[in-house]
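Protein chains in written order, with the working numbering: chain A, 5 to 273; chain B, 11 to 348.
Quick reminder that beta carbons are idealized off the backbone N, C-alpha and C, glycines included.
Predicted model only: the values in this text are computed from it and were never measured.
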């Protein structure tokens with residue numbers, strides 16, 4: 005009960021804080037909108053009179069990018085910047101002094117920012133749907149069996165992205181400047197998360213590389229379930245793999261945190 | 011060194027106990043310039059810095075102790091070990107019966123560390139929001155929280171500040187709010203690292219009065235570091251002086267003056283002008299104006315020399331004074347360096 009109350013208080017404080025930076029946040033949000041917008045325009049001209057490309061009808065392809073924009077906006081968290089800043093400046097010490105663990109603090113912080121993003125996203129999605137026409141909704145392939153799996157994949161996708169990014173941020177315990185590692189991570193994420201194009205349209209070798217990486221489980225799996233690109237059995241298998249990645253990422257985060265705090269406590273904040 | 015290593019109350023364990031504490035940092039060495047960077051990239055040289063070296067002391071429940079030392083003496087490192095931010099390299103540390111570096115919640119609910127140059131308040135929100143968050147994370151019952159907040163608001167004049175964004179407060183106002191945030195859960199142990207740094211004299215005095223009042227009312231154990239001797243003189247009966255990582259004095263503040271200074275000063279005002287040469291027969295003349303002077307004399311002979319002064323000169327007023335404490339402390343630090 006107590007921790008629920010402190011979580012709600014944290015969420016409300018982060019929300020108030022995020023709300024004060026809404027113009028900046030909106031500009032960042034526009035970056036997430038521009039990519040899919042450009043891709044939709046490109047694919048529209050690429051389709052011409054074609055009925056299908058790579059197994060996607062024009063309606064499915066448009067819905068793919070609207071879905072990708074929405075899920076990326078809501079599930080792609082960024083705790084790594086703040087965590088690495090805290091470690092570099094010594095602000096991380098506050099998490100070691102009070103009975104509030106750093107992970108809960110940052111988790112609630114990310115949630116608050118995502119709620120703000122949801123406010124921005126809702127009217128933009130409505131505008132996209134009005135622009136693309138009702139035909140685009142024919143690409144929704146959820147069934148009663150897969151609806152729950154879809155919700156589950158959203159939760160695991162969010163957690164997987166969060167744990168990995170926290171672990172990434174915690175590298176600042178050892179590195180004076182983590183931005184190089186961040187950029188390598190972001191580059192791989194960009195290539196293999198599915199935001200450029202559906203992953204099943206990538207060349208075979210790239211698809212195989214992507215299968216060994218966690219990025220496809222951020223939101224591509226959810227989108228595949230949502231569009232009915234995979235059946236219930238494949239969705240279950242996907243969810244199981246996503247859950248395993250999630251557990252692995254959580255453990256990696258705990259290990260990096262444990263070792264990092266030992267290092268931090270050894271040399272001072 | 012005057013050691014206070016055994017508890018004055020054998021039945022009651024001390025609030026803070028530090029035995030043979032040492033803390034060594036490994037520091038990377040790098041020559042300046044590009045060549046230095048390349049060299050350091052190929053072969054990284056390190057050396058050890060012993061920031062704290064065999065420090066021992068005990069602090070009883072309710073004591074307010076000044077922790078003094080020049081920059082880099084090991085004060086903040088010791089405070090960080092006591093609050094659980096650093097692992098000790100060697101030695102035993104216990105605060106309220108806890109090993110601080112285990113960072114148990116039960117321990118964290120009972121102490122606060124206030125660093126004058128760091129803040130825990132949320133920059134973009136009113137201080138009251140940070141206070142309410144602390145109520146939840148420290149699990150303070152609502153009635154107790156309201157009572158404490160009321161007390162703190164009255165003592166620190168927080169009323170008009172509580173609903174203003176922290177970033178819009180002045181440094182002094184922010185420091186008052188920081189202190190309040192640190193005390194809302196009524197910590198039994200309080201570590202204050204330079205709590206009055208950068209504040210004007212009026213605000214320094216207010217914060218000092220408040221700390222003393224909190225110590226007395228709540229019987230809180232307080233360890234305070236400060237570069238302002240006024241803080242230490244106003245608050246601390248006992249001081250621990252640390253230099254080069256070692257405790258060089260642990261005892262009463264007044265004792266330090268007696269032990270380390272073998273002289274007193276006679277501040278005298280005359281009814282009519284006197285000659286400097288004549289005064290030099292009494293002691294070393296530190297300051298001289300025609301009808302006013304300060305004369306330094308051996309501590310043991312202070313009364314005799316004062317009597318001579320009264321007999322031989324037309325004295326209007328005479329004071330026998332101890333040298334200022336910060337002069338004494340400076341003298342001790344300088345002696346330590348030499």
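Identity of the residues DSSP links to residue i by a beta bridge
| i | result |
| --- | --- |
| residue 262 of chain B | B:248 |
| residue 55 of chain B | B:39 |
| residue 55 of chain A | Paired residue(s): none; residue 55 of chain A is not in a bridge. |
| residue 142 of chain A | Bridge partners of residue 142 of chain A: none, in fact. |
| residue 125 of chain B | B:203 |
| residue 274 of chain B | B:307 |
| residue 9 of chain B | Lying outside 11 to 348, the shown extent of chain B, residue 9 of chain B is not represented and no answer is given. |
| residue 102 of chain B | B:29 |
| residue 136 of chain B | B:175 |
| residue 256 of chain B | B:253 |
| residue 280 of chain B | B:325 |
Same chain, Cβ closer than 7 Å to residue i, neighbours up to 5 away in sequence not counted
| i | result |
| --- | --- |
| residue 33 of chain B | 61, 62, 87, 91, 96, 98 and 99 |
| residue 5 of chain B | There is no way to answer for residue 5 of chain B, as the model of chain B reaches only from 11 to 348. |
| residue 139 of chain A | 63 |
| residue 303 of chain B | 278, 289, 295 and 297 |
| residue 13 of chain B | At residue 13 of chain B, the pLDDT of 39 sits below 50, so the modelled position is not reliable; the number obtained from the coordinates is stated separately. Excluding positions up to five away in sequence, the list reads 260. |
| residue 159 of chain B | 141 and 194 |
| residue 56 of chain B | 36, 37, 38 and 39 |
| residue 261 of chain A | 174 |
| residue 319 of chain B | 276, 278, 292, 325 and 328 |
| residue 16 of chain B | Confidence at residue 16 of chain B is low in this model, with a pLDDT of 47, below 50, so the placement of that residue is unreliable and no value is reported for it. |
Environment of residue i [buried if 16+ CB atoms lie within 10 Å]
| i | result |
| --- | --- |
| residue 268 of chain B | exposed |
| residue 210 of chain A | exposed |
| residue 217 of chain B | buried |
| residue 50 of chain A | exposed |
| residue 344 of chain B | exposed |
| residue 113 of chain A | buried |
| residue 162 of chain B | buried |
| residue 36 of chain A | buried |
| residue 132 of chain B | buried |
| residue 219 of chain A | buried |
| residue 178 of chain B | exposed |
| residue 12 of chain A | exposed |
| residue 22 of chain B | exposed |
| residue 135 of chain A | exposed |
Cβ-based neighbour list, residue i, same chain, cut-off 6 Å, excluding 5 preceding and 5 following
| i | result |
| --- | --- |
| residue 327 of chain B | 279 |
| residue 125 of chain B | 203 |
| residue 163 of chain A | 250 |
| residue 116 of chain A | 15, 18, 19 and 22 |
| residue 234 of chain B | 76 and 202 |
| residue 306 of chain B | 273, 275, 293, 294 and 296 |
| residue 168 of chain A | 253 |
| residue 149 of chain A | 236 |
| residue 150 of chain B | 195 |
Whole-number beta carbon distance between residue j and residue i, since they are thought to touch under 8 Å
| i | j | result |
| --- | --- | --- |
| residue 168 of chain B | residue 190 of chain B | 6 Å |
| residue 223 of chain A | residue 75 of chain A | 4 Å |
| residue 253 of chain A | residue 171 of chain A | 7 Å |
| residue 200 of chain B | residue 141 of chain B | That belief does not hold up - the Cβ atoms of residue 200 of chain B and residue 141 of chain B are roughly 17 Å apart, past 8 Å. |
| residue 58 of chain A | residue 204 of chain A | 7 Å |
| residue 143 of chain A | residue 226 of chain A | With a Cβ gap of about 14 Å, residue 143 of chain A and residue 226 of chain A do not count as contacting. |
| residue 106 of chain B | residue 198 of chain B | 6 Å |
| residue 103 of chain A | residue 130 of chain B | Their Cβ separation, rounded to whole angstroms, is 13 Å, which puts residue 103 of chain A and residue 130 of chain B out of contact at 8 Å. |
| residue 53 of chain A | residue 134 of chain B | About 54 Å; that fails the 8 Å criterion. |
Residues of its chain near residue i, where Cβ-Cβ distance is below 8 Å and the 5 sequence neighbours each way are ignored
| i | result |
| --- | --- |
| residue 185 of chain A | 172, 175 and 179 |
| residue 206 of chain B | 126, 185, 213, 214, 217, 218, 236, 238 and 241 |
| residue 250 of chain B | 67, 75, 76, 77, 78, 257, 259 and 260 |
| residue 173 of chain B | 136 and 138 |
| residue 83 of chain B | 252, 253, 254 and 255 |
| residue 30 of chain B | 64, 65, 66, 100, 101 and 102 |
| residue 348 of chain B | Annotation note: pLDDT 46 at residue 348 of chain B (below 50); position unreliable, coordinate value reported separately. No residues qualify anywhere along the chain. |
Residues of the segment 86-105 of chain B with Cβ closer than 8 Å to any Cβ of chain A, in chain order: Residues are counted here when their Cβ sits less than 8 Å from a Cβ of chain A; for the segment 86-105 of chain B these are 87, 90, 93, 94, 95, 96 and 97, given in chain order.
Within 7 Å of chain A by C-beta, residues of the segment 199-214 of chain B in sequence order: Within the segment 199-214 of chain B, no residue places its CB atom closer than 7 Å to a CB of chain A.
Near-chain B residues of the segment 173-185 of chain A - C-beta to any C-beta below 8 Å: Among the residues of the segment 173-185 of chain A, none has a Cβ less than 8 Å away from any Cβ of chain B.
Short-range partners of chain B found in the segment 71-103 of chain A, where Cβ spacing is below 8 Å: Listed by position along the chain: 94, 95, 97, 98, 100, 101, 102 and 103.
Residues in the segment 126-148 of chain B having any Cβ partner in chain A nearer than 7 Å: The residues in question are 130, 132, 134, 135, 139, 142, 143, 146, 147 and 148.
Near-chain B residues of the segment 12-24 of chain A (beta-carbon distance less than 7 Å), N- to C-terminal order: Cβ contacts with chain B come from 13, 14, 17, 20, 21 and 24.
Residues within the segment 108-120 of chain B neighbouring chain A, beta-carbon criterion of under 8 Å: Within the segment 108-120 of chain B, those residues whose Cβ lies closer than 8 Å to any Cβ of chain A are, in chain order, 111, 113, 115, 118 and 119.
Contact residues within the segment 21-49 of chain B, judged by C-beta distance below 8 Å to chain A: Going along the segment 21-49 of chain B in chain order, one finds 35 and 36 with a Cβ nearer than 8 Å to chain A.
Chain B contacts from the segment 24-37 of chain A (Cβ-Cβ distance under 7 Å): Residues passing the 7 Å Cβ filter: 24.
Within 8 Å of chain B by C-beta, residues of the segment 218-240 of chain A in sequence order: Under the 8 Å Cβ criterion, the segment 218-240 of chain A contributes no residue.
Residues of the segment 103-136 of chain A with Cβ closer than 7 Å to any Cβ of chain B, in chain order: Cβ contacts with chain B come from 103 and 104.
Members of the segment 160-182 of chain B near chain A, C-beta cut-off 8 Å: Those residues of the segment 160-182 of chain B that come within reach of chain A (Cβ to Cβ, closer than 8 Å) do not exist; the list is empty.
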